[in-house]
Amino acid sequence: MRRTRPSRALTLALSSVLAFSGTTVAAGADTVRDPVKRRVEALLRSMTLDEKIGQMTQAERASITNEEVTRYRIGSILSGGGSTPTPNTPQAWADMYDGFQRAALATPKRIPLVYGVDAVHGHNNVVGATIFPHNIGLGATRDPRLVQRIGRATAEEVVGTGPTWSFAPCLCVARNDRWGRTYESFGEVPGLPTRMSTVITGLQGRPGGPASVMATAKHYVGDGGTTGGRDQGDTQVSEAELRRIHLPPYREAVRRGVGSVMASFSSWNGLKLHAHKYLITDVLKRELRFDGFVVSDWNGIDQIDGQPGFTAEEVRTAVNAGIDMFMVPQEWRRFIETLRAEVQAGRVPMARIDDANRRILTKKIQFGLFERPFADRRYLRTVGSAEHRALAREAVAKSQVLLKNDRNVLPLDRKNNKIFVAGRGADDIGVQSGGWTITWQGSPGNITPGTTILQGIRQTAGRGTTVTYSKDGTGIDRSYKAAVAVVGELPYAEFEGDRPGPMGLDATDLATLERLRASGVPVVVVLVSGRPLDIAAELPGWNALVASWLPGTEGRGVADVLFGVTRPTGKLPVTWMRSADQQPINVGDGKKPLFPFGYGLTYRRR
């Protein structure tokens, strides 16, 4: 049938009506020319209300069955931190994913699922995956190309096991080191997470192309600026400061074509972001022209009124604010029933439901889910591959920040040396990987394959060098030429990592360090932590200090720097406090730090 091009006046009038109703313009000449829009509009016209609400619903894998996926037309499933198939192997992940996907394709419209995972420093839920340094370490590298390569490697490991959506990167600007998510930030100034948003390009590649994983810019917006560094707290700043400090990384993420944005648990001047229509719809979608979809955080709508259990008012508030997909892990059935009733009562306009679906379906089409819905098992071989581990080792070495090096005790001689290694973090993959590793909070121990820092030291030490290890530092004597103490924080994630009180080393680490110091042997401290710690009082007793952050599974990258195989080039991505009383402390605020933002030493060539 011959198509008649609408007049310019008619197109403008239609656009005005749609914009006023809150609906993304997807009609007229643009729709005719755009095959993705044509597919989306055809689907929308054929879908029932229940099918549309199903697309807006995300359930947790352990709280839904394959049969329920089909019956309720579910649009998305996620694995929460530590929620894995049994056994936790790449093959089992692919099998689980394909089972859920077959259930979605058994629906009348055959709309595939989009499956989300927290692949925040590698495919970190999967035993055997390559675990890269957490973002604070990557911020220390100042290397956007490296970060993009890490995104690409992570995408390959993720798609091999099935999922095509990662809840990463965290583009927060951490302004208070008491915050339990400080290590998820690339740094304290907006320029760092903005530059490191190259990870989005790495994850997504060419959307719909090989190993393409939809990225998520999170947590929108201002979560790193809460008062007291309290997770899920209140960011009490002017709009000018919010735009100057916290918004720029999202502007860059949108420019890079990020597929989704996750709303923050936090508030801005008392109003929860999950209810913030101005910031979500007016700023993100209209001003920044974000054309992807906004997803809520874990039960995020339940926090709008501050009372347990989400209400109909919270559901309609969040939907009308502009959230498109709802992470309702266990209560997904009640969410579906509640939203249906709100639409039928006219409290949520159908235009808003269509806008949400239009955004979700567009991304599913653009990322190739309709054509390639199942796990791309060609990439299973990349999970924990030698190539990816080499990349992680490179990233670890580049992330080390040398903060002190009295009398050039570093680099250590590789040959004919005698080195004593101590500390809880020295021979512990779980400690050096931190939170969001295999489980949500992470844990000490041999939780996944990799190379510990101690193993890396032993592998890097050359001929004639003796390496002795004692966890608590007992057994050292003056015959050793250097003592390496790997101390710091035990694993944690988000609010459980908040430190409203003291921020120093604990009694166990201090006792280990005192044993080493008392021996008279030069002490090299490798600090494994997700943030700067309050160490000014102890620092005079240490000959060298390396901020190792949370390096992940490839501990040999730390050894590369200790032995001078790689010269340290890392620079502080955050200001290092002189005492915890200085928090918050940031570049330009007039407070005198122990080490300033951007500080980092290197070795003189021998």
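Take the sequence shown: its letters are residues 9 to 614, numbered as in this note's numbering.
A virtual CB, placed ideally from N, CA and C, is assigned to each residue, including glycine.
For clarity, every value in this text was computed on a predicted model and none was experimentally measured.
Range covered by the beta strand (DSSP E) that runs through residue i
i	result
residue 68	65-68
residue 228	224-228
residue 556	552-557
residue 477	474-478
residue 464	No beta strand (DSSP E) contains residue 464, which is instead part of the alpha helix (DSSP H) from 461-468.
residue 268	268-271
residue 544	That residue, residue 544, is in no beta strand (DSSP E); it is neither H nor E in DSSP.
residue 455	Per DSSP, residue 455 belongs to no beta strand (DSSP E) and is neither H nor E.
residue 498	No beta strand (DSSP E) contains residue 498, which DSSP labels as neither H nor E.
residue 430	426-430
Residues near residue i by beta carbon distance below 7 Å, same chain, minus five either side
i	result
residue 437	454, 455, 456, 458, 460, 561
residue 482	523
residue 47	373
residue 120	109, 112, 113, 372, 377, 378, 381
residue 235	241, 242, 244
residue 544	586, 587, 602
residue 31	Legend: pLDDT at residue 31 = 38, less than 50; position of this residue unreliable, value from coordinates given subsequently. Excluding residues within five positions, the ones whose Cβ falls inside 7 Å are 359, 362, 363.
residue 190	144, 182, 538, 539
residue 285	328, 329, 330
Residue span of the alpha helix (DSSP H) that contains residue i, given as start and end
i	result
residue 154	152-169
residue 358	358-374
residue 441	437-441
residue 524	515-526
residue 45	43-54
Proximity of residue i and residue j at Cβ, strictly below 8 Å
i	j	result
residue 399	residue 161	yes
residue 619	residue 305	Past the boundaries of the shown model lies residue 619; the chain is included only from 9 to 614, so the question cannot be answered.
residue 539	residue 185	yes
residue 350	residue 320	yes
residue 468	residue 554	no
residue 130	residue 139	yes
residue 312	residue 44	no
residue 223	residue 155	no
residue 569	residue 576	yes
residue 405	residue 210	no
residue 322	residue 309	yes
residue 198	residue 144	no
residue 444	residue 89	yes
residue 549	residue 525	yes
residue 490	residue 530	yes
residue 375	residue 215	yes
residue 578	residue 149	yes
residue 175	residue 420	no
residue 239	residue 188	yes
residue 296	residue 251	no
residue 182	residue 232	yes
residue 69	residue 54	no
residue 464	residue 394	no
residue 485	residue 527	yes
residue 105	residue 123	yes
residue 206	residue 256	no
residue 98	residue 136	yes
Own chain residues within Cβ distance below 6 Å of residue i, not counting five before or after
i	result
residue 2	Here the chain comprises residues numbered 9 to 614, so residue 2 is not present and cannot be evaluated.
residue 269	225, 228, 302
residue 275	242
residue 610	575, 576
residue 114	78
residue 5	As shown, the chain starts at 9 and ends at 614. That puts residue 5 outside it, with no answer to give.
residue 396	138, 161
residue 355	324
Nearest-angstrom Cβ-Cβ length linking residue i and residue j, presumed shorter than 8 Å
i	j	result
residue 556	residue 408	6 Å
residue 65	residue 327	Not a contact, Cβ separation roughly 12 Å.
residue 325	residue 283	5 Å
residue 510	residue 542	7 Å
residue 49	residue 117	Contact doesn't hold; Cβ gap of about 14 Å is too wide.
residue 307	residue 612	Wrong, their Cβ atoms sit about 54 Å apart, outside the cutoff.
residue 433	residue 440	6 Å
Sequence-distant residues of its chain with Cβ nearer than 8 Å to residue i (five each side left out)
i	result
residue 75	111
residue 29	Caution applies to residue 29, whose pLDDT of 34 falls short of 50 and renders its modelled position unreliable; the value that the coordinates give is listed next. Counting only Cβ-Cβ distances below 8 Å, and skipping sequence neighbours, we find 357, 359.
residue 473	421, 422, 423, 424, 425, 426, 427
residue 72	82, 85, 340
residue 316	310
residue 488	426, 427, 428, 476, 527, 529
Any chain C beta carbon closer than 8 Å to residue i
i	result
residue 426	The structure shown contains no chain C; it holds only a single protein chain.
Discussion item. In chain order, what are the residue ranges of uninterrupted beta strand (DSSP E) at least 3 long that sit wholly in the stretch 71-128?
Written reply: Whole beta strand (DSSP E) segments, 3+ residues: 84-87, 122-125.
Worksheet entry | Segments assigned alpha helix (DSSP H), at least 4 residues, entirely inside the stretch 380-422 | The stretch 380-422 contains these whole alpha helix (DSSP H) runs: 394-407.
Discussion item. Could you tell me which whole alpha helix (DSSP H) segments of length 4 or greater appear in the stretch 291-344?
Written reply: Counting only runs of at least 4 residues, the stretch 291-344 fully encloses the following alpha helix (DSSP H) elements, listed from N- to C-terminal order: 320-329.
Worksheet item: Of all the alpha helix (DSSP H) runs that stay within the bounds of the stretch 165-215, which reach a length of 4 or more residues?
Response: Runs of the alpha helix (DSSP H) lying entirely within the stretch 165-215, each at least 4 residues long, are 199-203, 206-212 in chain order.
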